[in-house]
Amino acid sequence: MDKLTSQYPSSAFFDELIDEKGTPRPPAKQLLGYLDSLSEEELEKRRITAEATIQEMGISFTVYTEEGNIDRAWPFDIVPRTIEASDWKIAEAGLKQRLTALNLFINDLYHDQNVIKDGIIPEHIIKDSKNFRPECVGITPAYGVWAHICGTDLVRDENGDFFVLEDNLRVPSGVSYMLENRAITKRVLPELFENDAILPVSSYTAQLFDTLASLSPRDIEKPEIVVLTPGIYNSAYFEHAFLAQQMGVELVEGSDLFVDKDDCVYMKTIDGPERVDVIYRRIDDLFIDPEAFDPESVLGVAGLMRAWRNGNVSLANAPGAGVADDKVVYAYVPDIIRYYLDEEPILNNVETFLCDDPEQRAYVLENLDKLVVKPANESGGYGMLVGPHSTKKEQALFAELITKHPRNYIAQPTLKLSTAPTLISKGLLEPRHLDLRPFILQAKDTYVTTGGLTRVAMKKGSLVVNSSQGGGSKDTWIVDTKGE
Amino acid sequence: MMLSRVAERLYWSARYLERVENTARLVSVYDDLLFDLPKDIEMSWFNLIETIRGEETFEQRYKVKDERNVVKFLLADDTNANSMLSSLKMVRENIRTTRDVVPKETWELVNELGLYAQQNIKQGINRSERHLFLNTIIEGCQKIIGLLAGAMSRNSGWHFLIMGRYLERADMGTRILDAAVSLMLKSDPDTRLQLGRVTWAKVLKSQSAYFDYRRTVRTSIKGAKAVQFLMNDTCFPRSLAYCFGQIGESATKLPRAGLITAQIDKVLEFNYPLDSSEDLDEAFHDHLNDIQIAIIEINHQITENWFHFRQGDAA
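Shown next as C-alpha cells:
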C-alpha cells in the first residue's frame, strides 16, 4: 500500500506529518514508512482491531439524548500524530511558565490584588467576572497554588508554531482518553513501539496521585484521597471512574461525604466515617457546597467550603481558580507572565480582540464575517460564531449580543489550524484539522504530560474538534529522533 | 475499605435479582397449580396479589381481578415497583455504578437478561408461552448468581450480596408459606384434604424443594411436614433456617455486626411446634407474621448499621 503517503493530497495548511513536497517529516518517517508497507486489507484489519479494543475496554463517553443517556464508543483514528521531542520541550517549558504565572495571579487576586493596583489588568474585569469567588478572599491554599490540574488547548499555525487557545482551570477533562489512546495504539501498531523513540505517557496517574497527596493538610503517611464525581449521568463519568481506579482511590459522590461539627470532611464507609484529606473534585464550583453556593445543588457536600477555608481538606482545583479561566483574562496572560515572572512568554496567545474595549469592539463588529466570536465564560464549543461559516442572520444576532454585553465576548481571527493524515475510508488518508490538550499538574512541583490529547475534526474542513460535536481523537507521539 | 453507598447498591442489586427470580417462580407455580386442581375448587389469581401485599397498588390500576391483569401487574407493570421488569431495572441501576467491584461479566449478563425480559414480556403475559419465558428468566438469574459464586472475591462486597439475596429469599419464602396456610384455612373442610395434597406439593416445587423433601423427609406430602422442611431444614438453600444462617454468617464477617447477629440468633433459636396439619392455624399465621416483622427489622438494622450516617457520628 505504498500509495498511502504518495496519494496524500497536499494540505493547504501546515501538515504535521507530511511536508508540502509530500515528504514525511522526521518524527513521522518511521510511522508512515510502516503504514505504507501494510496492504489495504491489513490496514483495515488494524482499524477493526482498534474498534474492538475500544469496545472491549469499554471506553465511552456519555451523550445525553431524549431517550436517555447513551454511552457512545470513543471515536478514534488509528494514525497517530507525531511531534518532534525538541519542539515539544519548548512547548513544555512554555506550559510550565504559563501555569506558574497563572497561579501567582490567582493568589494575588484573592489577596492584595497588586496586579490591578499596578495597572496590569483593569479592575472591572475581575469585578464583572462570573468566576471570581468573594468567598475565597484571604485564603492561601498549600504552596499558594489554586489550579493544580490544568488542561491547556494548543494549536499550531501555518508555520507549525504552537499557540495557546485557552486555559482550562476549572475541571478539565480528557486525560483518560489520552492514556487509553496510547493503550489502543500499542495493540494496533505494536511493531512501532519496539524501539524507544516514542516517549511514554503512562506516568500521568502516578504524577496525579503524588500531586494530590502533597496537598494533604494532615502530615500522615497515607492521606485519604478521593475523586468526587457528579455521578453516572455526567458525560465524563468514565474518566472519573478511570482515574479513581488507576490511582487506587475511592470514587465518591456528594452523598458519600459529610462535614461534621469539627469542620472536617468524612466519607461514609461500612467501617464508619473515614476522614478525607484531599478531594479531586470534578464538580463545578457553584455545585460543590449548597451551604456556600447553589442551595439547590444535590451534587455537592454541605459545609465543604467551611472545611476548606479552615484548612481541614484540600480541594483540587481550589474553588475560585476559574477566575483565570476566562477568555478576557486570557488576553492578558502574556502581560501576567511578564508581571509575575519578569520573563517573556515562551508560548504565544492567539490574537484576541476584547469586545469590552470600544476600539476593538468596533473592529469586531465590522469584521464579524472573518472572525470567530466566543463567549468569555463558556466551554465545549457551544454558543460561538464562526464568521466565515455563518449566515448574515447569525452575524446580526451576535452583533446585538456583543453590543448589549461587551464584557461577555471576545473575538479571534479564524485560525489556520494544522492538519494531520487521518484514515477517512478504506486505504485513504486525508488531512484533518487538529488541536492538542496537554495536562499540567502543579503543587510543590510542576509536571506536564508527554504530548497530550489530540482531538481531530473528522469532517472535511471543519475546525470543531469537540467530541460532543463529532470530533475524534488520535494518539499523540512525542518522538525523539535525535536520541536526546 | 468499602463506601457505604457501594455496599448499599450491592445489597439492593442482590435483593432485586432475587425478587426477579421469586416473582417468576411464583407466577410459574401458580399456573401449574391451577391446572392440577379438581374442577370443583375455585381459585382466584388475586391470591397472588395478596401474597405480595400488593392489593392497594393493584386496585389503583385495575378494576378486573382476572388472570391477565394479575400476571401483567406482577411481571410487567411499571407502576408496580416490585414487578419483575421494575426489579430488573433496579438490578441494572444498582450494578451500573458498582461494576468495578463485581466480576466484569456481571454487567453484560444483567443487560442481557433485562433485554430478553423487555423484548419477550408478551410471552409472559399470554399463557401459551409463559412457562418457557419464566424458565428463561429463572435461568438468567441463576447464571448471574453462578458467575458471582465462581468469580467474586469473598470480600465485604460479597457479604452484602449474600445478605441481600437471603433476606429477600426469606421474605418471599415466608409469604408463600403464609399464602398456602391462608388458602387452606379459607377452604371448605370437605375439599381441604384434596386441596392440601396439591397445594403443598406446589409450594415445595416453587422452591425447587420437592425432591429434596422426598429424599429427606421420606413420607408423603403433608402440610406440617412440608412447612417444617421449608422452615427448619439446615441444608436446603431456600429454607428459612438456611437463609437466616447465611445472613448471620456474612454479617459476622463485617465490622460492627453485633445487633444484627443477635437478632438472627433470636429468629433461629425459636422453634415453633408443628405436630400435625391442625397446627397450621391462626396462631401459626401470627408466627409467620412475626418472622416478617423480624425480616423488616433486620433490613432496618443493616441499613442503619452500614449504609446510613447521621451528622455528629464522626467528630
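Protein chains in written order, with full-length UniProt numbering: chain H, 1 to 484; chain D, 1 to 315. C-beta atoms are modelled at their ideal positions from N, C-alpha and C, and glycine is treated no differently.
Cβ distance (whole Å) where residue i is taken to contact residue j below 8 angstroms
i, j, result
"ALA151 (chain D)", "ILE137 (chain D)", "Their Cβ separation, rounded to whole angstroms, is 22 angstroms, which puts ALA151 (chain D) and ILE137 (chain D) out of contact at 8 angstroms."
"TRP146 (chain H)", "ALA318 (chain H)", "4 angstroms"
"VAL448 (chain H)", "LEU109 (chain H)", "In fact, because the Cβ distance is near 24 angstroms, the residues do not count as touching under 8 angstroms."
"ALA241 (chain D)", "THR234 (chain D)", "5 angstroms"
"PRO285 (chain H)", "GLY322 (chain H)", "The amino acid at residue 285 (chain H) is misidentified as Pro; the sequence shows Asp. That belief holds up - the Cβ atoms of ASP285 (chain H) and GLY322 (chain H) are roughly 6 angstroms apart, short of 8 angstroms."
"SER28 (chain D)", "HIS131 (chain D)", "7 angstroms"
"LEU104 (chain H)", "TYR340 (chain H)", "4 angstroms"
"LEU161 (chain D)", "ALA14 (chain D)", "4 angstroms"
"LYS370 (chain H)", "ILE410 (chain H)", "Rounded, the Cβ-Cβ distance is 15 angstroms, inconsistent with contact."
"SER473 (chain H)", "TYR177 (chain H)", "6 angstroms"
"ARG238 (chain D)", "GLY173 (chain D)", "6 angstroms"
Simplified DSSP state of residue i, which is helix, strand or coil
i, result
"TYR266 (chain H)", "strand"
"GLN207 (chain H)", "helix"
"TYR280 (chain H)", "strand"
"residue 485 (chain H)", "Residue 485 (chain H) lies beyond the stretch modelled for chain H, which goes from 1 to 484, so this question has no answer here."
"TRP308 (chain H)", "helix"
"ASP435 (chain H)", "strand"
"GLU92 (chain H)", "helix"
"ILE52 (chain D)", "coil"
"VAL386 (chain H)", "strand"
"TRP146 (chain H)", "coil"
"TRP477 (chain H)", "strand"
"GLY409 (chain H)", "Per the sequence presented here, residue 409 (chain H) reads as Tyr, with Gly not at that position. TYR409 (chain H) falls in the strand class under three-state DSSP."
"SER425 (chain H)", "strand"
"GLU274 (chain H)", "strand"
"PHE76 (chain H)", "strand"
"THR454 (chain H)", "strand"
"LYS374 (chain H)", "strand"
"GLY380 (chain H)", "With a pLDDT of only 49 at GLY380 (chain H), under 50, the local geometry of the prediction cannot be trusted, and the value read off the model is given with reservation. Here GLY380 (chain H) sits in coil by DSSP."
"ARG68 (chain D)", "helix"
"LEU82 (chain H)", "A quick correction: the sequence has Thr, not Leu, at residue 82 (chain H). THR82 (chain H) falls in the strand class under three-state DSSP."
"VAL259 (chain H)", "strand"
"ALA236 (chain H)", "coil"
"ASN168 (chain H)", "strand"
"LEU354 (chain H)", "strand"
"ASN289 (chain D)", "helix"
"ILE221 (chain D)", "coil"
Min CB distance residue i to chain H below 8 angstroms
i, result
"THR191 (chain D)", "no"
"PHE211 (chain D)", "no"
"LEU3 (chain D)", "yes"
"ASP78 (chain D)", "no"
"THR97 (chain D)", "yes"
"LEU40 (chain D)", "A small correction: the amino acid at residue 40 (chain D) is Asp; Leu does not occupy that position in the sequence shown. ASP40 (chain D) does not count as touching chain H."
"ASP100 (chain D)", "yes"
Proximity test, Cβ basis, 8 angstroms: residue i and chain D
i, result
"GLU51 (chain H)", "no"
"MET267 (chain H)", "yes"
"GLU274 (chain H)", "yes"
"ILE232 (chain H)", "yes"
"ILE270 (chain H)", "yes"
"PHE238 (chain H)", "no"
"GLY380 (chain H)", "In this predicted model, GLY380 (chain H) has a pLDDT of only 49, less than 50, meaning its place in the structure is not dependable; the value taken from the coordinates is given anyway. So no, GLY380 (chain H) is outside the interface."
"PHE209 (chain H)", "no"
"ASP256 (chain H)", "yes"
Per DSSP, the bridge partner or partners of residue i
i, result
"TYR447 (chain H)", "H:LEU441"
"GLY119 (chain H)", "According to DSSP, GLY119 (chain H) bridges with nothing at all."
"ILE225 (chain H)", "H:VAL278"
"ALA316 (chain H)", "H:TYR280"
"THR419 (chain H)", "H:ASP15, H:HIS433"
"PHE163 (chain H)", "H:VAL155, H:ASN348"
"PRO26 (chain H)", "Its beta-bridge partners do not exist; DSSP assigns none."
"LEU251 (chain H)", "H:VAL227"
Self-check item: Members of the region 246-266 of chain D near chain H, C-beta cut-off 9 angstroms
Solution: LEU254, PRO255, ARG256
Exercise. Taking a Cβ distance cut-off of 8 angstroms, strictly less, list which residues of the region 5-30 of chain D are near chain H, in chain order.
Key: ARG5, ALA7
Quiz item: In the region 84-95 of chain D, which residues sit with their C-beta less than 8 angstroms from some C-beta in chain H, listed in chain order?
Solution: none
Quiz prompt | Chain-ordered residues of the region 241-254 of chain H with a beta carbon less than 8 angstroms from chain D | solution = ALA241, GLN245, GLU250, VAL252, GLU253
Practice problem: Taking only beta carbons into account, state which residues of the region 137-165 of chain D come closer than 9 angstroms to chain H, listed in chain order. | Solution: Taking 9 angstroms as the Cβ-Cβ cut-off against chain H, the residues of the region 137-165 of chain D that qualify are SER156, PHE160.
Quiz item: Which residues, in chain order, does the region 276-310 of chain D contribute to contact with chain H at a C-beta distance below 7 angstroms?
Solution: TRP306, PHE309
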